[in-house]
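J.: Okay, here's the structure, questions in a sec.
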Amino acid sequence: MKLHLDNNPTADIETECLVIGVCDSGSFSPATKAVDEATQGSISRLLESGDIEKGLGKTSLLHGLQGLGAARVLTVGFGKPEKLNLARFDRACLAAGKALRDHPLKQCHVCVQDIEFDNIGSDRRLLQAALAVHRANFLYTTTKSMKDDSPAPLKSASFQGGPELQSAIEQADAFAAGFEKSKILGDLPPNICTPAYLAQDALSIAEKHANVSLEVLEEDDMAEKGMDALLAVSRGSTLNAKLIVLKYAGAAEDQAPVALIGKGVTFDSGGLSLKSGENMMQMKYDMCGAAGVIGAFVACARLQMPINVICIIAAVENMPDGNACRPGDVITSMSGKTIEVLNTDAEGRLVLCDAITYAEQYNPDVIIDVATLTGACVVALGHHATGLISNDDELAEALLQAGDSIVDRAWRLPLWEEYQSQLDTPFADMKNVGGMSAGVLTAGCFLSRFAEDQRWAHLDVAGSAWKWGSNDGATGRPAGLLAQFLLNKAG
Ligand code: BES
Ligand code: MN
Ligand code: ZN
Numbered sequence: 000m001k002l003h004l005d006n007n008p009t010a011d012i013e014t015e016c017l018v019i020g021v022c023d024s025g026s027f028s029p030a031t032k033a034v035d036e037a038t039q040g041s042i043s044r045l046l047e048s049g050d051i052e053k054g055l056g057k058t059s060l061l062h063g064l065q066g067l068g069a070a071r072v073l074t075v076g077f078g079k080p081e082k083l084n085l086a087r088f089d090r091a092c093l094a095a096g097k098a099l100r101d102h103p104l105k106q107c108h109v110c111v112q113d114i115e116f117d118n119i120g121s122d123r124r125l126l127q128a129a130l131a132v133h134r135a136n137f138l139y140t141t142t143k144s145m146k147d148d149s150p151a152p153l154k155s156a157s158f159q160g161g162p163e164l165q166s167a168i169e170q171a172d173a174f175a176a177g178f179e180k181s182k183i184l185g186d187l188p189p190n191i192c193t194p195a196y197l198a199q200d201a202l203s204i205a206e207k208h209a210n211v212s213l214e215v216l217e218e219d220d221m222a223e224k225g226m227d228a229l230l231a232v233s234r235g236s237t238l239n240a241k242l243i244v245l246k247y248a249g250a251a252e253d254q255a256p257v258a259l260i261g262k263g264v265t266f267d268s269g270g271l272s273l274k275s276g277e278n279m280m281q282m283k284y285d286m287c288g289a290a291g292v293i294g295a296f297v298a299c300a301r302l303q304m305p306i307n308v309i310c311i312i313a314a315v316e317n318m319p320d321g322n323a324c325r326p327g328d329v330i331t332s333m334s335g336k337t338i339e340v341l342n343t344d345a346e347g348r349l350v351l352c353d354a355i356t357y358a359e360q361y362n363p364d365v366i367i368d369v370a371t372l373t374g375a376c377v378v379a380l381g382h383h384a385t386g387l388i389s390n391d392d393e394l395a396e397a398l399l400q401a402g403d404s405i406v407d408r409a410w411r412l413p414l415w416e417e418y419q420s421q422l423d424t425p426f427a428d429m430k431n432v433g434g435m436s437a438g439v440l441t442a443g444c445f446l447s448r449f450a451e452d453q454r455w456a457h458l459d460v461a462g463s464a465w466k467w468g469s470n471d472g473a474t475g476r477p478a479g480l481l482a483q484f485l486l487n488k489a490g
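In numbering that gives the first Met the number 0, the protein residues as written are 0 to 490.
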């Protein structure tokens with residue numbers, strides 16, 4: 000979907016649908032006022048009669064208004080102005096985007112970003128509105144036959160605004176591309192989106208963007224480096240694991256890169272510690288950490304941000320088999336630390352620990368790993384917040400702030416040493432499960448042992464990266480948070 004600016008007078012703009020905001024207050028934003036005036040007070044009258052709803056996220060589609068270049072007007076409610084914040088603004092814009100998707104429109108012109116609130120700048124409001132409209136108009140098509148009555152998402156959207164918003168719309172375009180990449184990969188079925196597929200997709204990203212290069216480590220290469228924790232997960236699968244390393248060089252060579260690591264378990268059956276049917280059916284989403292990281296990488300490369308980024312995807316499939324890793328096996332990670340694998344379903348930390356050790360050779364400024372790591376994170380935070388665990392306050396703060404500013408929010412959880420002893424075992428340096436309590440934290444504790452000398456953060460996106468049972472599927476998160484974090488670092 001194309002996003003661009005149009006700064007002609009609102010009432011004159013020829014469009015299939017003009018999108019304006021209404022608040023639960025006496026006053027109109029500039030675009031809404033212009034539409035009201037051009038239509039001889041129609042908006043005022045329809046608000047009074049109750050035909051236009053002002054509540055947050057309520058939409059009303061108006062036909063046949065005289066005096067406008069637009070064929071229709073969609074009003075979007077932003078509720079009480081004093082309650083409006085970026086998260087509520089995002090929700091209302093998303094509702095507008097969904098209303099646009101559900102009508103036979105190809106194109107629209109959006110003005111809702113002229114509503115002022117909370118000291119949020121116009122560039123931020125534009126970015127958020129554009130991302131929400133884009134997000135709502137994504138349609139999964141890869142493995143679906145299209146019918147005449149299939150929903151027809153928008154092909155393009157223009158936004159009211161002049162040259163002062165040019166960089167914001169370019170940012171929106173790049174972030175939207177990153178989000179879309181993340182979502183497409185996340186939703187793909189596990190028979191298509193295999194480790195080899197992810198490697199192939201990374202190659203196309205490298206070919207499409209300047210300053211991007213790719214290296215893919217095969218199982219032999221990984222064995223040579225001693226990545227036995229990662230390989231132990233892959234042993235039960237007929238598919239070969241890949242360690243995919245995408246490099247973006249946007250700054251001087253001696254500038255330490257940001258290392259982004261993604262859990263790319265393309266299907267998680269649990270291995271010999273097999274999941275129940277009920278818990279297994281969502282496990283194509285177990286590569287959403289990888290998808291989110293790749294999405295942020297794409298946004299970064301599209302904007303040609305002046306930073307260096309190393310993106311490491313640990314792509315494996317976790318399957319049961321005569322060859323598979325057994326509960327009780329002790330394996331030696333690339334770091335030399337030994338791990339007793341007591342539950343083969345706690346595989347994410349096994350692939351990530353070797354990826355973290357591998358990342359150290361790049362002397363990164365920071366390491367951020369992203370993973371659908373624990374069901375416990377879903378219990379703790381539900382589907383709204385990403386779990387954040389870090390050994391560095393400044394890094395944690397920067398990630399939280401980036402997430403808040405783009406409504407892709409995270410919440411920090413403690414990494415107290417008191418939790419570490421839950422990983423003790425007589426038979427190895429650690430075991431890969433920490434028992435019933437604080438599962439999200441003991442997973443973080445496990446990873447922290449491989450990042451001791453690094454500024455490191457871990458994002459558990461088990462709840463935030465996808466929504467089950469709705470039409471939404473993969474959410475694309477945390478591509479937005481990470482892309483914003485990279486942009487803040489670059490700026
Ligand atoms: N991929 C799962 C985590 C997960 C669960 C993601 C539900 C999304 C929704 C992970 O590999 C896993 O199985 N974790 C186990 C760890 C446990 C065995 C310590 C879990 O959370 O049950
Ligand atoms: Mn698992
Ligand atoms: Zn998993």
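Backbone N, C-alpha and C define an ideal beta-carbon position, used for all residues, glycine too.
1. Along the chain, where does the alpha helix (DSSP H) containing Asp247 start, and where does it finish?
2. Going by other Cβ atoms of all chains shown within 10 Å of its Cβ, with 16 needed for buried, is Gly25 buried or exposed?
3. Which residues end up in the neighbourhood of the ligand BES when you take C-beta atoms closer than 5 Å to any of its heavy atoms?
4. Determine whether the beta carbon atoms of Gly185 and Gly402 lie at a separation below 8 Å.
5. How many Å lie between Gly261 and Leu230 at the Cα?
6. To the nearest angstrom, how far is the alpha carbon of Gly76 from that of Asp353?
7. What do you get for Pro413, buried or exposed, if any count of 16 or more other CB atoms within 10 angstroms of its CB means buried?
8. So, under 8 Å CB-CB, Pro188 and Tyr361 are touching, yes? Tell me the CB distance rounded to an integer number of Å.
9. Taking only the alpha-carbon atoms, compute the straight-line gap between Leu126 and Ala91 and give it to the nearest angstrom.
10. Quick check on DSSP: helix, strand or coil for Ala313?
11. Applying the 10 Å Cβ sphere with the 16-neighbour rule, what's the burial state of Pro425?
12. Output yes or no for whether 8 Å exceeds the beta carbon distance between Val264 and Gly374.
13. Could you check which residue in Met286, Gly120, Met304, Gly225 has the C-alpha nearest to that of Asn190?
14. Does the segment 390-406 come into contact with the segment 83-103, if we say contact requires no fewer than three beta-carbon pairs (one atom in each stretch) closer than 8 Å?
15. Measure from the alpha carbon of Lys1 to the alpha carbon of each residue in Leu67, Leu93, Leu85, Cys107, then state which is nearest.
16. Report all residues from its chain with a CB closer than 7 Å to the CB of Pro29; omit the five preceding and five following residues, and keep chain order.
17. Going by the C-beta, is Val264 closer than 7 Å to any heavy atom of the ligand ZN?
18. In chain order, what residues of the same chain lie with their CB nearer than 7 Å to the CB of Glu214, ignoring the 5 residues before and after it?
19. Which one or two residues does DSSP pair with Phe266 in a beta bridge?
20. Throw me the rounded Cβ distance for the Leu422 and Ala228 pair, which I believe falls under 8 Å.
21. Are there any heavy atoms of the ligand FAD lying less than 7 Å away from the beta-carbon of Ala473, as far as the coordinates show?
22. On the three-state DSSP scale, how would you describe Val460?
23. Give the C-beta separation of Leu302 and Gln170 to the nearest angstrom, bearing in mind that I take them to be a contact with Cβ-Cβ under 8 Å.
24. In its own chain, which residues sit with a C-beta less than 6 Å from the C-beta of His62, not counting the 5 before and 5 after it?
25. Tell me whether the beta-carbon of Asn210 lies closer than 8 Å to the beta-carbon of Ala251.
26. Here's a check: name, in chain order, each residue in its chain whose Cβ is nearer than 6 Å to the Cβ of Lys246, leaving out the five neighbours to either side.
27. Assuming the contact rule is C-beta atoms closer than 8 Å, Leu138 and Phe178 should be a hit. Round their C-beta distance to whole Å, please.
28. Compute the Euclidean distance between the alpha carbons of Ala33 and Thr9, then round it to the nearest angstrom.
29. If you draw a straight line from the alpha carbon of Ala370 to that of Ala489, how long is it in whole angstroms?
30. Under the criterion of a Cβ to heavy atom distance below 7 Å, does Asn307 qualify as lining the ligand MN?
31. DSSP three-state call for Phe77: helix, strand or coil?
32. Can you check the segment 98-171 for any alpha helix (DSSP H) of at least 4 residues that lies completely inside it and give the ranges in chain order?
33. When the Cα of Gly291 is compared with those of Leu197, Gly66, Glu36, which residue comes out closest?
34. Is Met304 helix, strand or coil when you go by DSSP?
35. Looking only at C-alpha atoms, which of Gly288, Gln39, Val432, Ala427 sits nearest to Tyr418?
36. From what residue to what residue does the beta strand (DSSP E) around Ala409 run?
T.: For this structure:
1. Note that residue 247 is Tyr in the sequence shown, not Asp. It is not in any alpha helix (DSSP H) - Tyr247 instead sits in the beta strand (DSSP E) that spans 241-248.
2. Counting C-beta atoms within 10 angstroms of its own C-beta, Gly25 has fewer than 16 neighbours from the protein chains shown and is therefore classed as exposed.
3. So the residues near the ligand BES by this Cβ test are Asp267, Asp285, Asn342, Asp344, Ala345, Gly347, Thr371, Thr373, Gly374, Val432, Ala461.
4. Taking 8 Å as the cut-off, the beta carbon of Gly185 is found no closer than this to the beta carbon of Gly402.
5. C-alpha separation (whole angstroms): 16 Å.
6. For Gly76 and Asp353, the distance between alpha carbons rounds to 49 Å.
7. Pro413 should be labelled exposed.
8. In this structure, Pro188 and Tyr361 do not form a Cβ contact; the two beta carbons are roughly 33 Å apart against a cut-off of 8 Å.
9. Looking at the two C-alpha atoms, the distance is approximately 14 Å.
10. Note: Ala313 maps to strand in three-state DSSP.
11. It counts as exposed.
12. The Cβ-Cβ distance between Val264 and Gly374 does not fall below 8 Å.
13. Nearest C-alpha to Asn190: Met286.
14. These segments touch.
15. The residue with the shortest Cα to Cα distance from Lys1 is Cys107.
16. For Pro29, same chain residues with a beta-carbon under 7 Å away, outside a window of 5 residues either side, are Asp113 in chain order.
17. For the ligand ZN, at least one heavy atom lies less than 7 Å from the Cβ of Val264.
18. Sequence-distant partners of Glu214 (beyond 5 residues in either direction) whose C-beta falls short of 7 Å from its own C-beta, in its chain, are Val244.
19. Answer by DSSP bridge pairing, in chain order: Glu316.
20. By a beta-carbon distance limit of 8 Å, Leu422 does not contact Ala228. Their separation comes to about 14 Å.
21. This structure lacks the ligand FAD; the ligands present are the ligand BES, the ligand MN and the ligand ZN.
22. The three-state secondary structure of Val460, taken from DSSP, is coil.
23. The C-beta distance from Leu302 to Gln170 rounds to 7 Å, short enough to fall under 8 Å.
24. Same-chain partners within the cutoff: Arg71.
25. Not closer than 8 Å, so no.
26. Same-chain partners within the cutoff: Ser212, Ile309.
27. Taking 8 Å as the upper bound for CB-CB distance, Leu138 and Phe178 are not in contact here, some 14 Å apart.
28. Computed Cα separation, rounded: 7 Å.
29. Straight-line spacing of the CA atoms in Ala370 and Ala489 works out to 24 Å.
30. At a cut-off of 7 Å, the beta-carbon of Asn307 does not count as near the ligand MN: no heavy atom of the ligand is closer than that.
31. Here Phe77 sits in coil by DSSP.
32. Qualifying alpha helix (DSSP H) stretches, in chain order: 121-135.
33. Gly291 has its Cα closest to that of Leu197, out of Leu197, Gly66, Glu36.
34. Coil, per DSSP.
35. With distances taken between CA atoms, Tyr418 lies nearest to Val432 out of Gly288, Gln39, Val432, Ala427.
36. It spans 409-411 - the beta strand (DSSP E) in which Ala409 sits, taken as one unbroken run.
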